[in-house]
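Number of protein chains: 2
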Amino acid sequence: MAKKKATKRTTSNKKVQLSPADRKTLKSLVGLANDIVKTADRGRAPHLDIPSRSLSNVRYNKAKRFIEMGSGKNRRELFNLSQAKSYMQTVLVSSGCKQLIEQDKTTSIRGLYYLLKHTIEGVKEETFDDQSDCDPVIEDAEVMLNSLREELHLYAQKKGDMVGEIVLIDRGDEIDCSHMGSGGYGIPSIVEPEIIEFKECDAEFVLHVEKDTVWQRFNEDKFWRTHKCILTHGGGQPPRGVRRLLYRLNHELKLPVYCLLDNDPWGYYIYSVLKQGSINLAFESKRMAIPNARYMGLRSKDYERCGLTPSVTIDLTDTDVKRAKQIAKYPWFEKKKPWQKEIQLMLKNGFKLEVEALISKDISYVTETYVPERLEDQDFLD
Amino acid sequence: MAKKKATKRTTSNKKVQLSPADRKTLKSLVGLANDIVKTADRGRAPHLDIPSRSLSNVRYNKAKRFIEMGSGKNRRELFNLSQAKSYMQTVLVSSGCKQLIEQDKTTSIRGLYYLLKHTIEGVKEETFDDQSDCDPVIEDAEVMLNSLREELHLYAQKKGDMVGEIVLIDRGDEIDCSHMGSGGYGIPSIVEPEIIEFKECDAEFVLHVEKDTVWQRFNEDKFWRTHKCILTHGGGQPPRGVRRLLYRLNHELKLPVYCLLDNDPWGYYIYSVLKQGSINLAFESKRMAIPNARYMGLRSKDYERCGLTPSVTIDLTDTDVKRAKQIAKYPWFEKKKPWQKEIQLMLKNGFKLEVEALISKDISYVTETYVPERLEDQDFLD
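Heads up: the sequence lines are chains A and B, in that order.
In terms of numbering that gives the first Met the number 0, the first sequence opens at residue 0 and continues consecutively.
In terms of numbering that gives the first Met the number 0, the second sequence opens at residue 0 and continues consecutively.
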């Protein structure tokens with residue numbers, strides 16, 4: 000009976016052994032607090048200097064080939080009526096993250112919000128009004144401490160799966176991704192080296208597909224075995240854990256990352272974020288962007304190349320057209336003729352194509368013909 | 000180099016060994032086609048009798064304790080101008096499923112749509128205008144053939160993860176869910192016994208939580224080890240694969256299923272679907288609904304019981320109030336005093352509570368206090 004097992008545990012009190020990475024993050028957090036104390040001891044007004052996350056402080060670094068933040072900073076002062084609340088919120092978030100690291104526990108950004116939300120004693124003011132009041136402060140803490148949110152022990156949504164020719168150690172458990180059946184290994188949201196270690200890898204590349212449904216087709220055909228690769232998906236726009244894992248596979252194991260996405264502005268955008276990082280979270284690019292990721296398809300020319308029929312095309316909406324034109328003007332696409340040609344052809348076609356449209360050729364056309372041919376020809380967009 | 004591996008495969012031509020379940024489904028499909036031929040040979044007008052999926056043909060079966068379809072049927076005739084198209088679509092979908100089973104391949108409902116979509120020869124008519132034109136026909140095929148969509152080799156969205164004291168065989172691979180690290184086993188969308196076999200189980204119950212973020216907390220605390228259970232989530236409203244797997248764990252392994260959901264109308268609704276099935280897809284209840292599933296919480300009384308603060312409550316919206324009143328009138332909640340009390344108290348409170356709100360007590364309050372106490376007291380709603 001389950002009943003008998005219901006005894007209280009005391010893991011909260013257990014002695015925690017911190018990893019070197021955690022010790023480093025903790026040092027930054029403690030340093031931050033010490034600086035505040037020192038400033039106060041000297042009779043000066045406490046303040047925080049936070050790298051600016053505004054659009055004007057974001058630029059595309061041509062040498063590094065990703066979006067990064069400039070050197071602009073904003074000062075946030077305690078004794079400034081318009082800054083006091085966000086100053087205190089920043090210190091509060093930092094203290095919450097310190098607590099998480101010291102207990103060696105992780106939580107979601109929703110969890111941190113609940114952990115820290117309370118009515119301030121003596122007044123009716125809430126520390127945070129709602130989640131949207133807390134999220135930007137978490138991002139401020141990330142840039143200020145130069146730590147990814149995962150290093151602050153915060154996790155994001157968990158979605159995406161992996162299978163293929165790799166064995167990894169996840170919190171002590173050995174996971175052989177070549178024996179994961181039809182389900183696969185659910186990619187965690189924190190994949191830092193202290194948690195996920197690569198043990199053995201026979202893969203020669205990573206195939207990242209957009210959707211779980213396409214992933215299932217590739218896994219069922221055991222594509223990753225025939226082609227010696229790792230197969231991932233991110234359930235649409237990949238969450239941080241998937242992006243960071245792809246980054247690590249690319250940087251540490253030197254595996255090329257090929258992206259199989261829909262031939263539409265959304266597919267282009269997913270590729271852009273994987274490759275150059277996102278404009279909103281430019282500070283994470285250096286540990287998430289994969290500048291040498293390659294776009295395998297679908298391509299606008301696939302309608303003709305693969306002999307598809309009008310039945311499987313989807314008309315572009317006005318929003319699609321607008322979005323495509325915006326993407327064409329991204330600095331990292333603007334100077335690339337093949338990308339300009341790609342986007343122009345989609346606009347000329349007047350329609351988009353989903354990866355699933357290839358099923359109209361044959362159920363396994365995508366795994367047996369389309370991707371093998373692209374690999375053979377090394378025909379990618381960069 | 001990946002290039003060298005890019006040789007074409009010929010799995011399409013391989014000899015397929017069908018499972019007994021597949022042979023049974025195939026027999027229904029062939030039987031359907033034979034009946035049509037026989038009718039035509041006799042010079043009669045071909046027709047299909049399809050169990051009616053309209054609301055008027057859905058009822059709550061008190062003895063079985065789930066929502067089921069009545070015996071109403073609709074006749075669909077080929078030689079009837081208003082029915083000819085849907086008649087042909089139904090035959091087309093059936094033939095697509097036959098093709099999938101014969102090749103021992105599965106696809107998504109999106110995939111089947113693309114597989115079957117084409118312009119009919121000689122006319123300008125499309126077999127399907129869009130996905131929404133195809134989906135109800137797939138549901139018709141399910142009820143007509145008395146087969147779950149998974150048995151027709153169609154998969155739904157894949158989301159949700161599992162860890163815990165169970166070893167299963169997934170397409171020949173042994174998956175020990177007690178050694179899945181922080182990531183877990185990604186629950187497949189087809190979990191029929193031919194694909195997923197239960198090998199060993201030391202678990203005494205299943206704890207199903209609503210969200211991936213809550214699941215991560217339980218997995219990190221290795222709750223399933225201390226409490227000998229299986230831990231699942233369905234990323235919100237659980238997809239079909241998760242529901243079917245919970246059903247199998249409950250029916251075949253006789254494991255109680257406890258649900259930890261938010262204290263809001265959406266949480267109540269998720270519980271209702273898990274337990275009684277959904278009104279829209281009543282025909283699947285008998286193989287998905289879990290009438291003895293139990294609602295563990297959160298409960299409206301938890302605000303007081305757990306000593307939560309006003310800071311962590313979320314005001315009910317007008318939609319919430321309306322939805323709660325609707326749910327209170329569901330036949331399977333209407334006669335149950337504890338449920339009426341539960342819903343009334345939420346309305347009286349005027350607020351809802353997320354599971355994450357318990358973090359305001361302590362990061363691991365939910366795993367170390369809340370759930371253990373509910374298990375100890377066997378305090379559930381049914």
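Glycine is no exception: its CB is placed at the ideal position from the N, C-alpha and C atoms.
Please confirm if A:A1 has its CB atom under 8 angstroms from at least one CB of chain B. Within the first sequence, numbered from 1, the residue matching residue 1 of chain A stands at position 2. Summary for A:A1: the model assigns pLDDT 37, below 50, so the residue's position carries little reliability, and this model does not support an answer.
B:L54 classed as buried or exposed, judged by whether at least 16 other C-beta atoms fall within 10 angstroms: On the second sequence, position 55 is the one that residue 54 of chain B refers to. Exposed, by the Cβ-count rule.
Helix, strand or coil: which one does DSSP assign to B:T89? Working through the second sequence from its first residue, we reach residue 89 of chain B at position 90. In the structure shown, B:T89 sits in a helix (DSSP, three-state: H, G or I).
B:E355 and B:V162: beta carbons closer than 8 angstroms? Position 356 of the second sequence, counted from the start, is the residue given in the question as residue 355 of chain B. Position 163 of the second sequence, counted from the start, is the residue given in the question as residue 162 of chain B. Their beta carbons are not under 8 angstroms apart, which means B:E355 does not touch B:V162 by this criterion.
Per-residue contacts from B:I189 into chain A (C-beta, under 8 angstroms): Locating residue 189 of chain B in the second sequence gives position 190, where the first residue counts as 1. From the beta-carbon of B:I189, the residues of chain A found nearer than 8 angstroms are S181.
For B:L111, which option in B:I49, B:K72, B:T126, B:R41 has the closest C-alpha, if you only look at C-alpha atoms? Within the second sequence, the letter at position 112 stands for residue 111 of chain B. The option with the nearest alpha carbon to B:L111 is B:T126.
Roughly how many angstroms separate the alpha carbons of B:D361 and B:T368, rounded to a whole number? Here residue 361 of chain B is taken as the residue at index 362 of the second sequence, counted from 1. Here residue 368 of chain B is taken as the residue at index 369 of the second sequence, counted from 1. It is roughly 10 angstroms from the alpha-carbon of B:D361 to the alpha-carbon of B:T368.
Cβ of B:D48 within 8 angstroms of Cβ of B:K72? Locating residue 48 of chain B in the second sequence gives position 49, counting from the first residue. Locating residue 72 of chain B in the second sequence gives position 73, counting from the first residue. A contact, by the Cβ cut-off of 8 angstroms.
Please state whether DSSP places B:M179 in a helix, a strand or coil. Residue 179 of chain B sits at position 180 when you count from the first residue of the second sequence. Coil.
Cβ of B:D160 less than 8 angstroms from any chain A Cβ? Walking along the second sequence from the start, residue 160 of chain B turns up at place 161. Judged by the 8 angstroms Cβ criterion, B:D160 is in contact with chain A.
Once DSSP output is grouped into helix, strand and coil, what is the label at A:K321? The residue you call residue 321 of chain A lines up with position 322 of the first sequence. Looking at A:K321 - three-state DSSP - the assignment turns out to be helix.
If you draw a straight line from the alpha carbon of B:L80 to that of B:A39, how long is it in whole angstroms? Position 81 of the second sequence holds residue 80 of chain B. Position 40 of the second sequence holds residue 39 of chain B. For B:L80 and B:A39, the distance between alpha carbons rounds to 18 angstroms.
Which full runs of the beta strand (DSSP E) of 3+ residues lie inside the region 136-208 of chain A, going along the chain? Runs of the beta strand (DSSP E) inside the region 136-208 of chain A: 160-163, 165-169, 172-175, 195-200, 204-208.
Which of the residues in the region 297-323 of chain A, read from start to end, lie with their CB under 8 angstroms from any CB of chain B? Within the region 297-323 of chain A, the residues whose Cβ lies closer than 8 angstroms to some Cβ of chain B are T308, P309, S310, V311, listed in chain order.
For B:R75, report the span of its beta strand (DSSP E) as first-last. The count along the second sequence starts at 1 and reaches residue 75 of chain B at position 76. For B:R75, the enclosing beta strand (DSSP E) starts and ends at 72-76.
Have a look at A:T320 and A:L346 and give me their C-alpha separation to the nearest angstrom. Within the first sequence, the letter at position 321 stands for residue 320 of chain A. Within the first sequence, the letter at position 347 stands for residue 346 of chain A. In the sequence under discussion, the amino acid at residue 320 of chain A is Val, which differs from the Thr named in the question. Answer to the nearest angstrom: the Cα atoms are 7 angstroms apart.
Mapping the DSSP letters down to three states, classify A:S11 as helix, strand or coil. In the first sequence, counting from the first residue as 1, residue 11 of chain A sits at position 12. The pLDDT assigned to A:S11 is 48, lower than 50, so where the model puts this residue is not dependable; a value taken from the coordinates is nonetheless given after this. Helix at A:S11.
Contact residues within the region 278-292 of chain A, judged by C-beta distance below 8 angstroms to chain B: If you check each beta-carbon in the region 278-292 of chain A against every beta-carbon of chain B, none falls closer than 8 angstroms.
On the DSSP bridge list, what partners appear for A:P50? Along the first sequence, one-based indexing puts residue 50 of chain A at 51. Under DSSP, A:P50 takes part in a beta bridge, and its partners are A:K72.
Examine chain A for any beta-carbon lying closer than 8 angstroms to the beta-carbon of B:E101, and answer yes or no. The residue you call residue 101 of chain B lines up with position 102 of the second sequence. No, B:E101 does not count as interfacial toward chain A.
Do you know offhand how far A:S146's Cα is from A:A140's? Locating residue 146 of chain A in the first sequence gives position 147, where the first residue counts as 1. Locating residue 140 of chain A in the first sequence gives position 141, where the first residue counts as 1. Looking at the two C-alpha atoms, the distance is approximately 8 angstroms.
Answer with yes or no whether the minimum CB distance from A:D211 to chain B is below 8 angstroms. Indexing the first sequence from 1 puts residue 211 of chain A at position 212. At least one beta carbon of chain B lies nearer than 8 angstroms to the beta carbon of A:D211.
Can you check which of these residues, B:Q215, B:K198, B:E150, B:D175, is closest to B:G403 by C-alpha distance? There is simply no residue 403 of chain B to check, as chain B begins at 0 and stops at 381 in what is shown.
State the beta-bridge partners of A:Y59 as determined by DSSP. For the purposes of this step, residue 59 of chain A is identified with residue 60 of the first sequence, where counting begins at 1. BP columns for A:Y59 point to A:I66.
Looking only at DSSP bridge pairs, what is B:I313 linked to? Locating residue 313 of chain B in the second sequence gives position 314, where the first residue counts as 1. According to DSSP, B:I313 bridges with B:K351.
So, are the CB atoms of B:D211 and B:K351 less than 8 angstroms apart? In the second sequence, the residue the question calls residue 211 of chain B occupies position 212. In the second sequence, the residue the question calls residue 351 of chain B occupies position 352. Contact flag unset, no.
Selected residue, minimal CA-CA separation from B:L280, among B:R52, B:E199, B:G240: Reading the second sequence from its first residue, position 281 is the one you call residue 280 of chain B. Distance check between B:L280 and each of B:R52, B:E199, B:G240 places B:R52 closest, using alpha-carbon atoms only.
Can you tell me the Cα-Cα spacing of B:V92 and B:A44, whole angstroms? The residue you call residue 92 of chain B lines up with position 93 of the second sequence. The residue you call residue 44 of chain B lines up with position 45 of the second sequence. Take the alpha-carbon of B:V92 and the one of B:A44: they are about 20 angstroms apart.
B:Y294 (DSSP reduced to helix, strand or coil): If you number the second sequence from 1, residue 294 of chain B lands on position 295. Strand.
Does any residue of chain B have a CB that is nearer than 8 angstroms to the CB of A:G71? Numbered from 1 along the first sequence, position 72 holds the residue referred to as residue 71 of chain A. It does not: the Cβ of A:G71 has no partner Cβ on chain B nearer than 8 angstroms.
On the CB-based measure, 16 or more other CB atoms within 10 Å of its CB, does B:L252 come out buried or exposed? Stepping through the second sequence from its first residue, residue 252 of chain B is reached at position 253. Classification of B:L252: exposed, given that the 10 Å Cβ count is below 16.
Of all the options A:R247, A:G296, A:I278, which has the alpha carbon lying nearest to the alpha carbon of A:V208? Along the first sequence, one-based indexing puts residue 208 of chain A at 209. Minimum Cα distance to A:V208 is reached at A:G296.
Counting only beta-carbon atoms, is A:Q465 nearer than 8 angstroms to chain B? No answer is possible for residue 465 of chain A: the residues shown for chain A start at 0 and end at 381.
So what does B:H106 bridge to, in DSSP terms? As a working mapping, residue 106 of chain B is identified with position 107 in the second sequence. His is not the amino acid found at residue 106 of chain B; the sequence shown has Thr there. BP columns for B:T106 point to B:L153.
Endpoints, beta strand (DSSP E) assigned at A:Y257: Indexing the first sequence from 1 puts residue 257 of chain A at position 258. Per DSSP, the continuous beta strand (DSSP E) segment holding A:Y257 begins and ends at 256-259.
Check whether the region 325-341 of chain A touches the region 241-249 of chain A, taking contact to mean three or more Cβ pairs, one atom from each stretch, closer than 8 angstroms. When Cβ pairs closer than 8 angstroms are counted between the two stretches, the region 325-341 of chain A is seen not to touch the region 241-249 of chain A, the count staying below three.
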